[in-house]
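Enquirer:
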Amino acid sequence: MTIPTPYIGTSIKRLEDRRLLTGAGRYIDDVKLPDMAVMAIYRSPYAHARINGIDLAAAKAIPGVIDAFCAADIETDLPAIPLRLAPFDGFERFLQRPIARDKVRYVGEPVAVVIAPDRYTAEDALDLIEVDFEPMTAVTTVDQAAAGETLVHEDAGENMGTSYRVGRGDADRAFTEAPYTRRERFTTNRHSAVPMETRGLIAEFDPDRPLLRLHGATKVNFFNRRHLAAAFGLPEDAVELIETDVGGGFGARGELYPEDYLVPIASRRVQRPVKWIEDRRENLTATNHSRDIVCDLEVASTEDGRILAMRATVQGDMGAYIRTNGGVVASKAAQFLPGPYRVPSFSCEVQFLITNKTPVGTFRGPGRFEANFCRERMLDMVAADLKIDPAELRFRNLMEPAELPYRIGELVPGDVNATFDRGNYSSAFKRLLDQVGYADWKDRQGEIVNRRAYGLGIACFIESSAAGPPETARIIVSADGSIEIRTGASSVGQGTETGLAQICADYLETDINLIAVLHGSTTLVPTGGGTFHSRNTVMAGNAVRMAAETLRSQCIELAALRWNTDSAGLAYQNGAVHRRDDPGTKLSIAELAIFAESRDGEELASDAAFDNEGKLSYSYGAHAALVAIDVATGVIEVEKYVLTEEIGRALNPAMVQGQAVGGLVQGLGGTLLDHMVYDDDGQLLTGSFADYLLPTSTELPDITAIALEQSPSEFNPMGFKGAGEGGIVAVAAAVGNAVVHALKDHNVQINDLPITPDRLRAALRAAGA
Amino acid sequence: MKPPKFDYFAPDSVERALALIAEHGDHARFLAGGQSLVPMMNFRVATPSALIDLNGIADLRGIRIDDEHRLHIGAMTRTREIEMDAQIARANPLLHAAVPNIAHMQIRNRGTIGGSLAHADPAAELPAIVLVCGAAIQIVGPGGRRSVGAMDFFEGIFETALRDGEIISEIVFPTWPAARSWAFDEISRREGDFAMVGIAAWFDLDASGKISASGLAAIGAGDTPLRLSSGEQILIGRSPGADVFARAAEAAATDLQPASDIHASAEYRREVGEVLVQRCLQTAWERSS
Ligand SMILES: Cc1cc2nc3c(=O)[nH]c(=O)nc-3n(C[C@H](O)[C@H](O)[C@H](O)COP(=O)(O)OP(=O)(O)OC[C@H]3O[C@@H](n4cnc5c(N)ncnc54)[C@H](O)[C@@H]3O)c2cc1C
């Protein structure tokens, strides 16, 4: 079947934008239910302390306060927050309960809850809660955690969440025999996703019905429903997770957090809807942090820069508990260390260390961003040592199309089949070099113009997408001809509604304006996979395609019934079924919906689930950053940024561009600004936007993001690969390399993030500049 | 991030405002643009029992140049008004150049010069400009009117010579010689952030082309905005030039008293403060010659 695709591949304007830009969006704080109360959380002011007593009397006595509770009041409701991903053995000792009982382990951990008619009263009550804390030594570094003198979880007997070794080939032997080796320590800064809209939840808990309805859910609603149902002893169908508009997820929003339990508990206690909106101060300590790894990396190569082996130790600072994302960050950092290069032997020790900080979870490009920084910085060092041009060094090592697909080996325990699919890494890299005019730049590194030193940095990346369970879609046609798509996938602001409508409009050959997309909520479809790992277009997109194809056949069958004829003589075209022998005689999908309705109230609807059977598509490409550094002040400006990313096929090029630019800007934040800074007592020093710095519109370079469509995925018929994370993955690497090139006369190295004026000046001072 | 309950009053005259503060005592605060006070209230760092809003007092607002070419700016004048005012560009180009470095336009639309001086953040721009220009701060209070020179106004981090119940009414900048050389520069993490360190500089020349008077001030380099008199002294009596500027910058750096925080070390602030002094002097000189 060939159908015209006027929508797929075109940059139609996002269907959701009119609503969102005119203030007609419905975010969680816009949801107001009758008789709704609000909830506020007393959070630990200490990083590590024993709780000797909690006195809620004064808080409860404030006029208006409806209720207040702490762990002692809800003994039976303290399930552990489950592990969803990378659930390595040993982690079960470090799971978090929704509220602290005997001990607090990070600043921001929930200790008590107040329910009041409004947030003002609730915060007044929080001020009167008295907790008898007995402060303990805080564990704030991976080294301190590994030493184990202070235990964050005494019962576990150690601060090592787990550790393992992975690899392929014989790295030790390669290192003994290699003519050239280098070893470096790299660190990536703890930072966080920080979506514009903070988290928020409203629970309606009616134990008699029973019904638990939770508004504000997103990302992985069906997984979360299962666990919430189990936690509260409810059948799954008594739990409804409702998704509203979401102002950004980036991996952090929509995981199960303590509040996903506390808000329902609050609602059940007071028998009315309870709302909790995370304020920004809470957001910076309560929502998952990410990225915090230390990586000791060694590389062995031939004299002409051909990599023989890599060896590494990756230590992830997990914070105080292992939350839903398990070991994703450090395990993916280890798995992606060799990257798109031919690395015959690889060996990596991975350690997950528990500290007194906010727990860690995924953030756009989890582990990839970190691995990429370490490896690509190292490759530039190797190139300098061996006097090979950094681009040439990469060409010598990038895997060639003939070497693909490539089974990378079991680089994450249990992930035995991981395979890089087909592609042409060198070609995407070459496209980048052409675009930035690399040949001209080679000799201009370090050039000073207007007292600023210029440097161009490059980095290659590879990035996986579309893991996880099948995704679902249901398409329903109404009597008025409107079409509704329902999917288990979530929309977190990335344009899912538009993308799915584009596919549906093409496959049903209709006007896109007839289509509405409902997403995420567990009430829409019986099951769903959710939104992570750049998977929506691949998974939900293909589910919509399948549902549309089924619907076309159903339409033909219905028309055959209506006309009492053989379906072989009928064809579907332009949103209608017509007779092949008399194309003028048609039944539109609206007429067919009416006909279906007339037959025992049948719906004209079809369901589909798309399963890629765990076969991941890998997007890949390269980044280049041009930086200018004021040597005397250490001020860094990224002037120009170019990236190429092979994504198989662009569903909506403008949205793909938006993903690349958004990812890149977020990456610039992680490289230059975003940093969760803790002091030795485990106090977070960056607890507001005055100190936690996000990139703003004034920090944007001139950006060129080129999406390549030369290597469609083999694992889904539409050829999509994920396009949500390639923009962020290589930013720290490209900028770090650019800075080093700019300052080449001073031999400054960048091994630690973020790169700040203060740190640069310290390095330059040490170098006598 | 919600404040506790407070009373709110909106007087329309200075007299009413003074009466209200006398009545509500220690825990009442004046409200100007609210860009510093309201965030502190939301964090419950400041918990005033009453706010006495100065926004309705027309007398406190406005820009005027008197017969002796002194610039008068009412305390409740918005930072953005100073930025957009054409006569200020002539009457005090240094002030005019510094103002766009304050926060973001939205904040400048609300924040006031009086609020900035009363708040006295050591990294704020306006206190340093007032200081380096030798402006006078006009104050009214229960004891009547008084004038405090900028040198005596800033006493510590968020601490000033304002006494309980006093209102800043106006800031008076001395006459700005048309030939004065000047420059302002600062380094911040992002555009609109408080400076890690910043410098304001000016100098005048005598008939022989030697520097006859000078002003150097730093922000972000001590508990208050600092006048860098060691640097100023080097300049006096000398002809402008790169060597002199370098020596002045080196001397000025000895007056800096920076501390470390998460954005920059004391060492960074001292080192870059020196760089900025030198650059400002050079820029000032290049611009005027
Ligand atoms: C995101 C952000 C970034 C910022 N960045 C900068 C920056 O880069 N540089 C900078 O200088 N500032 C910055 N600010 C602060 C801003 O300039 C403030 O507006 C200013 O410091 C205070 O002025 P205000 O009118 O808002 O005072 P308010 O916040 O209303 O008041 C501040 C204090 O002054 C007192 N007060 C106000 N007016 C008077 C008066 N006339 N007499 C006596 N007491 C008075 C108040 O009682 C209060 O204690 C920033 C603010 C924000 C929110």
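Sequence lines, in order, name chains A and B. Positions 312 to 1080 (the numbering used here) are the ones given, in order, by the first sequence. Positions 4 to 292 (the numbering used here) are the ones given, in order, by the second sequence. Positions of the beta carbon are idealized from the N, C-alpha and C atoms, including for glycine.
Name the chain A residues whose beta carbon is nearer than 9 angstroms to that of B/Arg113?
Expert: Along the second sequence, one-based indexing puts residue 113 of chain B at 110. Ordered by position in chain A, no residue passes the 9 angstroms Cβ test against B/Arg113, which lies about 16 angstroms from the chain.
Enquirer: Which residues in chain A sit within 7 angstroms of B/Pro7, going by Cβ to Cβ distance?
Expert: In the second sequence, residue 7 of chain B corresponds to position 4, counting from 1. Simply Asp435.
Enquirer: Which partner residues does A/Ala971 have in the DSSP bridge list?
Expert: On the first sequence, residue 971 of chain A is found 660 positions in, with the first residue counted as 1. According to DSSP, A/Ala971 bridges with nothing at all.
Enquirer: I'd like to check one pair, A/Arg634 with A/Glu570: are the Cβ atoms closer than 8 angstroms?
Expert: Numbered from its first residue, the first sequence carries residue 570 of chain A at position 259. Numbered from its first residue, the first sequence carries residue 634 of chain A at position 323. Not in contact: A/Glu570 and A/Arg634 (Cβ atoms no closer than 8 angstroms).
Enquirer: Please classify A/Tyr572 as buried or exposed, where buried requires at least 16 neighbouring CB atoms within 10 angstroms.
Expert: Position 261 of the first sequence holds residue 572 of chain A. Classification of A/Tyr572: buried, given that the 10 Å Cβ count is 16 or more.
Enquirer: Pull up the CB-CB distance for A/Leu648 and A/Arg602, whole angstroms please, since I reckon it's below 8 angstroms.
Expert: As a working mapping, residue 648 of chain A is identified with position 337 in the first sequence. As a working mapping, residue 602 of chain A is identified with position 291 in the first sequence. Contact doesn't hold; Cβ gap of about 15 angstroms is too wide.
Enquirer: With 16 other CB atoms within 10 Å as the buried threshold, where does B/Ile160 fall?
Expert: Walking along the second sequence from the start, residue 160 of chain B turns up at place 157. Per the 10 Å Cβ criterion, exposed.
Enquirer: In whole angstroms, give me the CA-to-CA distance for A/Val855 and A/Phe674.
Expert: Along the first sequence, read from residue 1 onward, the residue named residue 855 of chain A stands at position 544. Along the first sequence, read from residue 1 onward, the residue named residue 674 of chain A stands at position 363. Using only the alpha carbons, I get a separation of about 27 angstroms.
Enquirer: Taking all protein chains shown into account, do 16 or more other C-beta atoms lie within 10 angstroms of the C-beta of B/His30, making it buried, or fewer, making it exposed?
Expert: Numbered from its first residue, the second sequence carries residue 30 of chain B at position 27. Its Cβ having fewer than 16 others within 10 Å, B/His30 is exposed.
Enquirer: Do you know how far the Cα of A/Ala620 is from the Cα of A/Asp1094?
Expert: Any property of residue 1094 of chain A remains undetermined from this structure, which presents chain A solely from 312 to 1080.
Enquirer: For A/Val1081, which residues of its own chain have a beta-carbon under 8 angstroms away from its beta-carbon, when the five flanking residues on both sides are left out?
Expert: The requested residue 1081 of chain A does not occur in the structure, where chain A is confined to residues 312 to 1080.
Enquirer: Using the Cβ count rule (16 or more neighbours within 10 Å means buried), how would you classify A/Glu460?
Expert: As a working note, residue 460 of chain A is residue 149 in the first sequence. Counting Cβ neighbours within 10 Å, A/Glu460 comes out exposed, since fewer than 16 surround it.
Enquirer: I'd like to know if B/Met4 contacts chain A, where contact means its C-beta is closer than 8 angstroms to some C-beta of that chain.
Expert: Translated into the one-based positions of the second sequence, residue 4 of chain B becomes position 1. At least one chain A Cβ lies under 8 angstroms of B/Met4.
Enquirer: Would you please verify whether the beta carbon of B/Ile265 is less than 8 angstroms from any beta carbon of chain A?
Expert: Taking the first residue of the second sequence as 1, we reach residue 265 of chain B at position 262. Chain A, which has a Cβ nearer than 8 angstroms to the Cβ of B/Ile265, makes this yes.
Enquirer: Does the beta-carbon of B/Arg32, which I'm using as the reference point, lie nearer than 7 angstroms to any heavy atom of ligand 1?
Expert: Your numbering for residue 32 of chain B matches position 29 in the second sequence. Because some heavy atom of ligand 1 lies under 7 angstroms away, the Cβ of B/Arg32 counts as near it: yes.
Enquirer: Compute every distance between the C-beta of B/Ile110 and the non-hydrogen atoms of ligand 1, then say whether any falls below 7 angstroms.
Expert: Working through the second sequence from its first residue, we reach residue 110 of chain B at position 107. Indeed, a heavy atom of ligand 1 lies less than 7 angstroms from the Cβ.
Enquirer: A/Val349 CB to nearest chain B CB: under 8 angstroms?
Expert: For the purposes of this step, residue 349 of chain A is taken as the residue at position 38 of the first sequence. No, A/Val349 does not count as interfacial toward chain B.
Enquirer: Label B/Asp209 either buried or exposed according to how many other C-beta atoms from any shown protein chain fall within 10 Å of its C-beta, with 16 as the threshold for buried.
Expert: As a working note, residue 209 of chain B is residue 206 in the second sequence. With fewer than 16 neighbouring CB atoms inside 10 Å of its own CB, B/Asp209 falls in the exposed class.
Enquirer: When we look at the beta-carbon of A/Arg579 and count the other beta-carbons within 10 Å, is it buried (16 or more) or exposed?
Expert: For this step, residue 579 of chain A is matched to residue 268 along the first sequence. By the neighbour-count rule (16 or more Cβ atoms within 10 Å), A/Arg579 is buried.
Enquirer: Ordered along the chain, which non-local residues of its own chain (more than five positions away) have a Cβ less than 8 angstroms from that of A/Asp466?
Expert: In the first sequence, counting from the first residue as 1, residue 466 of chain A sits at position 155. Short of 8 angstroms from the beta carbon of A/Asp466, and not among the five residues preceding or following it, lie these beta carbons of its own chain, in chain order: Arg404.
Enquirer: With contact counted as at least three CB pairs below 8 angstroms, one residue from each stretch, are the region 552-560 of chain A and the region 587-605 of chain A in contact?
Expert: no
Enquirer: Are there 16 or more other CB atoms within 10 angstroms of the CB of A/Ser832, so buried, or fewer, so exposed?
Expert: For the purposes of this step, residue 832 of chain A is identified with residue 521 of the first sequence, where counting begins at 1. Classification for A/Ser832: buried.
Enquirer: State yes or no: is the C-beta of A/Leu1082 within less than 8 angstroms of the C-beta of A/Thr955?
Expert: Only positions 312 to 1080 of chain A appear in the structure, and residue 1082 of chain A is not among them; the question remains open.
Enquirer: Please tell me whether B/Tyr271 has its Cβ less than 8 angstroms away from any Cβ of chain A.
Expert: As a first step, residue 271 of chain B must be located in the second sequence, where it is residue number 268. At least one chain A Cβ lies under 8 angstroms of B/Tyr271.
Enquirer: Exposed or buried, A/Thr387, counting other C-beta atoms within 10 Å across all chains shown (16 or more means buried)?
Expert: In the first sequence, counting from the first residue as 1, residue 387 of chain A sits at position 76. A/Thr387 comes out exposed.
Enquirer: Examine chain A for any beta-carbon lying closer than 8 angstroms to the beta-carbon of B/Ile140, and answer yes or no.
Expert: On the second sequence, residue 140 of chain B is found 137 positions in, with the first residue counted as 1. Against chain A, the CB of B/Ile140 has no partner CB under 8 angstroms away; the residue lies outside that interface.
Enquirer: Run the CB neighbour count on A/Pro716, radius 10 Å, all protein chains shown included, and call it buried at 16 or more, exposed below.
Expert: What you label residue 716 of chain A is simply residue 405 of the first sequence in a count that begins at 1. Classification for A/Pro716: exposed.
Enquirer: For B/Gln260, list the residues DSSP reports as bridge partners.
Expert: As a first step, residue 260 of chain B is located in the second sequence; it is residue number 257 there, counting from the start. Beta-bridge partners assigned by DSSP to B/Gln260: none are found.
Enquirer: When the Cα atoms are used, what is the spatial distance from A/Gly1035 to A/Gln970?
Expert: Along the first sequence, one-based indexing puts residue 1035 of chain A at 724. Along the first sequence, one-based indexing puts residue 970 of chain A at 659. Here the alpha carbon of A/Gly1035 sits roughly 5 angstroms from the alpha carbon of A/Gln970.
Enquirer: Between B/Arg113 and ligand 1, is the CB less than 7 angstroms from at least one heavy atom?
Expert: Stepping through the second sequence from its first residue, residue 113 of chain B is reached at position 110. Result yes, Cβ under 7 angstroms from ligand 1.
Enquirer: According to the Cβ coordinates, are A/Leu825 and A/Ser793 closer than 8 angstroms?
Expert: By 1-based counting over the first sequence, the position of residue 825 of chain A is 514. By 1-based counting over the first sequence, the position of residue 793 of chain A is 482. The answer is yes: Cβ separation under 8 angstroms.
Enquirer: How about B/Leu40: is its Cβ closer than 7 angstroms to a heavy atom in ligand 1?
Expert: Locating residue 40 of chain B in the second sequence gives position 37, where the first residue counts as 1. For ligand 1, at least one heavy atom lies less than 7 angstroms from the Cβ of B/Leu40.
Enquirer: Is A/Ala563 near ligand 1 - that is, is its Cβ less than 7 angstroms away from at least one heavy atom of it?
Expert: Looking up residue 563 of chain A in the first sequence gives position 252. Within 7 angstroms of the C-beta of A/Ala563 there is not a single heavy atom belonging to ligand 1.
Enquirer: Less than 8 angstroms between the C-beta atoms of B/Leu129 and B/Phe187, yes or no?
Expert: Here residue 129 of chain B corresponds to residue number 126 of the second sequence, with the count starting at 1. Here residue 187 of chain B corresponds to residue number 184 of the second sequence, with the count starting at 1. In this structure, B/Phe187 does not lie closer than 8 angstroms to B/Leu129 by Cβ.
Enquirer: Can you tell me whether DSSP reads A/Met347 as helix, strand or coil?
Expert: One-based indexing of the first sequence puts residue 347 of chain A at position 36. Here A/Met347 sits in coil by DSSP.
Enquirer: Nearest-angstrom Cα distance between B/Val17 and B/Ala138?
Expert: Position 14 of the second sequence, counted from the first residue, corresponds to residue 17 of chain B. Position 135 of the second sequence, counted from the first residue, corresponds to residue 138 of chain B. So the alpha carbons of these two residues sit roughly 22 angstroms apart.
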